[in-house]
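Chains as they are written, first to last, in this note's numbering: chain Z, 7 to 70; chain R, 82 to 773. Where is the CB? At the ideal position from N, CA and C, for every residue including glycine. Please read the structure below before turning to the comments.
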Amino acid sequence: MMRALRALRRWAVQTARLCCGIPDYDVYVAHLRAHHPERPIPSYKEFFRERQEARYKGTGGRCC
Amino acid sequence: MHTTAAVPPSPAGKILWAAIAIVGAWCLGVVALRRGEPINAIWLVAAAIAVFVIGYRFYGRFIEHRVLRMDPTRATPAMLRNDGLDYVPTDKWVVFGHHFAAIAGAGPLVGPVLAAQMGYLPGTLWILVGVVFAGAVQDFMILGLSVRRDGRSLGNMLRDELGPTAGVVAMFGVLVLMMIVLAVLALVVVKALTHSPWGTFTVACTIPIALLMGIYLRWLRPGRILEVSIIGVALLLLSIWYGKHVADSPALAALFDFDARHLAWLLIAYGFCASVLPVWLLLAPRDYLSTFLKIGTIFLLALAIFLAAPTLQMAAVTRFVDGTGPVFQGNLFPFLFITIACGAVSGWHSIIASGTTPKLLSNEGEARMVGYGGMLMEAFVAIMALVAAASLHPGVYFAMNSPGALIGTTVEQAASTISQWGFVVTPDQLAQTARDIGEGSILSRAGGAPTLAVGMAQLLHNIIPGESMMAFWYHYAILFEALFILTTVDAGTRVGRFMIQEIAGLAYKPLRETHSWAGNLLATAICVGLWGYFLYQGAVDPLGGINTLWPLFGIANQMLAAIALMLCTVVVVKLKRERYVWVPGIPACWLVVCTLTAGWQKLSGPISFTAAADKYAQALADGKLLAPAKSMEEMQRIVTNNHVDAALTAIFMLLVLAMAAFALRAIAKAWGANHPTAQEEPYVALGSVAGR
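See below:
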């Protein structure tokens with residue numbers, strides 16, 4: 007039961023963040039560790055700022 | 082080939098689907114055939130759900146297995162190019178939530194409300210048929226194509242499959258469409274806030290609240306989006322509550338009481354500032370607020386409709402199917418199919434479905450749920466908007482949506498005109514509705530948002546009674562729509578700016594530099610100027626603006642949908658699956674016919690821009706003033722505006738024809754080829770990358 011609730015919460019947080027253009031930080035860190043161990047790992051703050059800028063850069067935009 | 086065979090349904094499954102079909106058909110029968118007595122909205126909602134479920138299970142699956150041949154063993158771009166940032170294999174429910182939040186906007190809320198002038202039946206049928214056979218097909222197929230092409234954008238895919246010229250033509254079309262979208266959405270806000278100090282105050286409050294959130298996110302608690310959004314929503318609710326005091330106090334109310342012209346200028350100035358300021362300060366925090374408020378409000382509306390179960394007071398079909406309606410002019414065909422764009426089929430979605438979403442899917446087998454399912458959800462939002470509008474008193478509906486030039490400016494004039502149309506209403510009912518929602522007047526508040534807000538307020542008031550709560554709910558609904566429309570305007574202006582810089586960069590290289598302040602300010606000014614021109618024109622339009630601009634928007638949006646479906650058709654032929662060419666081909670042809678017919682009627686004939694221009698030009702030559710113009714300069718401006726709108730319509734028609742020619746050429750070439758010629762990325766087995 008607790009596990010189900012925790013999974014639900016994680017899903018909700020991940021979806022809410024992704025709706026705002028912020029992908030999952032833990033996934034990114036895990037990816038860096040596994041595939042690019044030579045690169046520095048950004049703090050959540052740095053990661054957040056970079057993604058925030060990136061969201062409003064490209065074309066694409068949103069719906070009417 | 083790596084397609085999976087469909088699993089044959091079990092006997093229990095067959096019985097279940099048969100039951101859903103029977104219930105759906107029964108509900109649809111009640112909605113369509115019961116005349117003379119009002120029906121409950123639940124019939125309509127149940128019919129819609131049954132149609133969506135059946136469409137998803139059968140037609141969606143048919144497209145998945147036969148037309149697109151989605152392959153669960155094939156590695157998706159997210160798996161192949163996983164970079165943790167843009168390409169990330171993501172849980173399908175998370176992708177679904179993200180995709181729905183990205184496609185849901187103001188469109189499905191406004192179009193169905195305007196279309197309710199013809200009664201609820203035509204709009205309902207078009208939404209149900211349109212979404213299953215056109216809208217969801219477009220979203221799903223574009224998503225499927227993009228997943229097979231490294232998550233490439235619509236523009237890139239058009240260039241690859243139809244040729245470079247087609248790509249440039251489509252890019253130009255998207256830019257013009259975006260300017261019209263921004264103008265018409267901003268006009269919806271202007272119409273909702275005109276002489277409404279309460280509404281204007283709460284919407285103005287979103288600016289300091291967003292600044293506060295921006296600073297909080299930047300320095301106090303970096304990246305805590307959810308936390309700061311909760312604070313933001315609480316402050317917003319507080320500002321709605323305080324708005325009543327502003328409206329009640331004459332001194333404060335005067336500060337927030339603007340006419341349409343001033344509001345248009347304020348929005349133009351605001352749009353300029355918001356898109357040149359750093360995104361973290363204003364744009365991003367408002368985006369977060371509007372995203373959460375949007376999803377929350379859609380749930381609230383669904384809850385209210387299920388609990389309140391309102392009776393539909395509007396007739397199933399009104400006399401205005403003959404094209405004489407006050408809300409928008411033109412016959413059922415083609416104008417119903419132009420007016421309800423988002424919710425039935427929306428070209429804009431093809432940009433989203435070839436944007437972030439294809440880079441997140443971890444398996445091709447999940448594309449149907451996200452692409453087809455996401456669009457069905459949006460259609461459901463459109464059905465709810467239609468229910469909210471149709472559950473209003475028809476007299477109130479027409480008073481809110483008809484231009485002042487037709488119904489006058491007092492409740493007595495409006496009530497007598499509308500009663501003559503056959504929708505009996507007393508001046509008292511109109512005045513009482515305005516008092517209930519805490520506004521001075523409800524007359525001629527076209528644009529969908531106020532009508533939906535009154536409908537929502539009545540529904541919510543039914544389930545959560547309380548004195549003066551209706552006014553609170555009304556202003557809540559207005560705020561929610563204004564907030565996410567303004568976010569679209571800000572973000573759209575930025576995107577438009579980049580597109581303009583890219584086009585200008587073709588002529589003069591340094592303009593392309595997005596970090597240069599001169600290029601940045603210049604491109605933003607051009608972008609704001611383009612949509613601002615149409616917004617201002619709408620704000621001073623004698624027929625209320627929505628009347629003129631919404632058809633232009635509808636034509637443009639359906640044009641983009643037609644282009645997206647043409648791309649799908651070309652690819653189906655290129656893959657040598659000619660026997661399924663009708664799946665995207667028929668909706669593409671239908672949209673081409675609708676946009677060209679509507680465009681032609683707007684170019685020549687009694688309801689055209691040209692006719693309006695001629696009428697005013699003739700009066701101008703005779704030295705006569707035609708209402709509501711107050712001076713000869715205004716007369717001249719009306720003539721010019723109508724000429725601009727006519728020219729724009731002609732451009733859209735040429736665009737559709739050009740793209741159709743490119744598509745036909747590509748189809749003819751591919752049909753003759755004896756092997757598949759589509760530009761798909763090669764097959765990579767999922768198993769070979771899963772462990773990487």
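Interface residues of chain Z around W361 (chain R) at Cβ under 9 Å?
The contacting residues are R55, Q58 and E59.
List the residues of chain Z whose Cβ lies closer than 9 Å to the Cβ of P153 (chain R), in chain order.
None at all; the shortest Cβ gap to chain Z is about 22 Å.
Proximity of L235 (chain R) and I544 (chain R) at Cβ, strictly below 8 Å:
Annotated as distal: L235 (chain R) and I544 (chain R), with beta-carbon spacing of 8 Å or more.
Return no unless some Cβ of chain Z is closer than 8 Å to the Cβ of Y369 (chain R).
Y369 (chain R) counts as touching chain Z.
Counting only beta-carbon separations shorter than 8 Å, does N444 (chain R) have a partner in chain Z?
Cβ-Cβ to chain Z under 8 Å: no for N444 (chain R).
Three-state class that DSSP yields for R240 (chain R) in the structure shown
Helix, per DSSP.
Would you call the stretch 446-459 of chain R in contact with the stretch 144-161 of chain R, where contact means no fewer than 3 C-beta pairs closer than 8 Å?
Taking one beta carbon from each stretch, the stretch 446-459 of chain R and the stretch 144-161 of chain R have 3 or more pairs nearer than 8 Å; the two touch.
State the Cα-Cα distance for the pair A642 (chain R) and A669 (chain R), rounded to the nearest angstrom.
Approximately 8 Å between the Cα atoms of the pair.
Chain R partners of R23 (chain Z), CB-CB under 7 Å?
The CB of R23 (chain Z) comes closer than 7 Å to the CB of I306 in chain R, given here in chain order.
Using a Cβ-Cβ cut-off of 8 Å, state whether P610 (chain R) counts as contacting chain Z.
With the sequence shown as reference, residue 610 (chain R) is identified as Gly, and Pro is not the correct amino acid for it. Chain Z, which has no Cβ nearer than 8 Å to the Cβ of G610 (chain R), makes this no.
Flag this pair as touching only if the stretch 286-298 of chain R and the stretch 455-464 of chain R have three or more C-beta atom pairs under 8 Å; answer yes or no.
Result no; under three Cβ-Cβ pairs closer than 8 Å.
Contact set between L11 (chain Z) and chain R, taken where Cβ atoms lie within less than 7 Å:
Under the 7 Å cutoff, chain R gives no residues; its nearest Cβ is about 15 Å from L11 (chain Z).
Helix, strand or coil, according to DSSP, for L511 (chain R) in the structure here?
L511 (chain R): helix per DSSP, three-state reduction.
Please list, in chain order, the chain R residues whose beta carbon lies closer than 9 Å to that of I47 (chain Z).
Taking a Cβ-Cβ threshold of 9 Å, none of the residues of chain R is close to I47 (chain Z); the smallest such distance is about 11 Å.
Give me the chain Z residues within the contact set of T372 (chain R), using Cβ-Cβ distance strictly less than 9 Å, ordered along the chain.
Those within 9 Å of T372 (chain R) in chain Z are A22, C25 and C26.
Pull up the distance between the alpha-carbon of S443 (chain R) and that of F634 (chain R), whole angstroms please.
Spanning the two alpha carbons is a distance of roughly 35 Å.
Interface flag, R39 (chain Z) vs chain R, CB-CB below 8 Å:
No, because no Cβ of chain R sits closer than 8 Å to the Cβ of R39 (chain Z).
Is there at least one Cβ from chain R nearer than 8 Å to P43 (chain Z)'s Cβ?
Answer no: the Cβ-Cβ gap between P43 (chain Z) and chain R never drops below 8 Å.
Does the beta carbon of L511 (chain R) fall short of 7 Å from some heavy atom of the ligand SAH?
Judged by which ligands are present, the structure shown has none, so any question about the ligand SAH falls away.
Look up R155 (chain R) in the DSSP assignment and say whether it is helix, strand or coil.
If DSSP states are grouped into helix, strand and coil, R155 (chain R) belongs with the strands.
W554 (chain R): first and last residue of the uninterrupted alpha helix (DSSP H) it sits in:
From DSSP, the alpha helix (DSSP H) with W554 (chain R) extends over M550 to A588.
Give me, in chain order, the residues of the same chain whose beta-carbon lies closer than 8 Å to that of V132 (chain R); leave out the 5 immediate sequence neighbours on both sides.
Non-local beta-carbon contacts of V132 (chain R) in its own chain, meaning distances under 8 Å to residues more than five positions away in sequence, involve G105, L109, L209 and V213 in chain order.
With a cut-off of 8 Å on the beta carbons, I'd call A385 (chain R) and L540 (chain R) a contact; round off their distance for me.
The beta carbons of A385 (chain R) and L540 (chain R) sit about 4 Å from each other, so the pair counts as a contact at 8 Å.
Determine the direct distance from the alpha carbon of G436 (chain R) to that of G66 (chain Z), and round the result to whole angstroms.
Because G66 (chain Z) carries a pLDDT of 48, less than 50, the predicted location of this residue cannot be relied on, and no value is offered for it.
Residue-chain proximity (V228 (chain R), chain Z), Cβ-Cβ < 8 Å:
So no, V228 (chain R) is outside the interface.
Let me see if you follow: with CB-CB separation under 8 Å, is G377 (chain R) close to chain Z or not?
No, G377 (chain R) does not count as interfacial toward chain Z.
Can at least three beta-carbon pairs, one atom from the stretch 606-617 of chain R and one from the stretch 323-331 of chain R, be found at a separation below 8 Å?
Short answer: they don't touch.
Would you be able to state if there are at least three C-beta pairs under 8 Å between the stretch 9-28 of chain Z and the stretch 42-61 of chain Z?
A contact exists between the stretch 42-61 of chain Z and the stretch 9-28 of chain Z.
With a CB to CB cut of under 6 Å and the five nearest residues on each side skipped, what residues in its chain are close to V249 (chain R)?
Within the same chain, V249 (chain R) has no close Cβ partners at all.
Helix, strand or coil for T758 (chain R), going by three-state DSSP, please let me know.
Here T758 (chain R) sits in coil by DSSP.
Terminal residues of the alpha helix (DSSP H) in which F640 (chain R) lies
In the sequence as presented, Phe is not what sits at residue 640 (chain R); that position holds Met. Boundaries of the alpha helix (DSSP H) harbouring M640 (chain R): I627 to K655, taken from the DSSP string.
Going straight from the alpha carbon of Y168 (chain R) to that of G503 (chain R), what length do you get?
If I take the Cα positions, the gap works out to 57 Å.
If you compare alpha carbons, which of R:I261, R:R660, R:T438 and R:W98 is closest to D172 (chain R)?
When R:I261, R:R660, R:T438 and R:W98 are compared, the shortest CA-CA separation from D172 (chain R) is found for R:T438.
Which residues mark the beginning and the end of the alpha helix (DSSP H) in which F774 (chain R) is found?
This structure cannot settle anything about residue 774 (chain R), because the visible part of chain R is limited to 82 through 773.
Look at the Cβ atom of F35 (chain R), then the Cβ atom of G455 (chain R), and state whether they are nearer than 8 Å.
Nothing about residue 35 (chain R) can be reported from this structure: the residues present for chain R run from 82 to 773 only.
Counting only beta-carbon atoms, is D220 (chain R) nearer than 8 Å to chain Z?
Closer than 8 Å: no.
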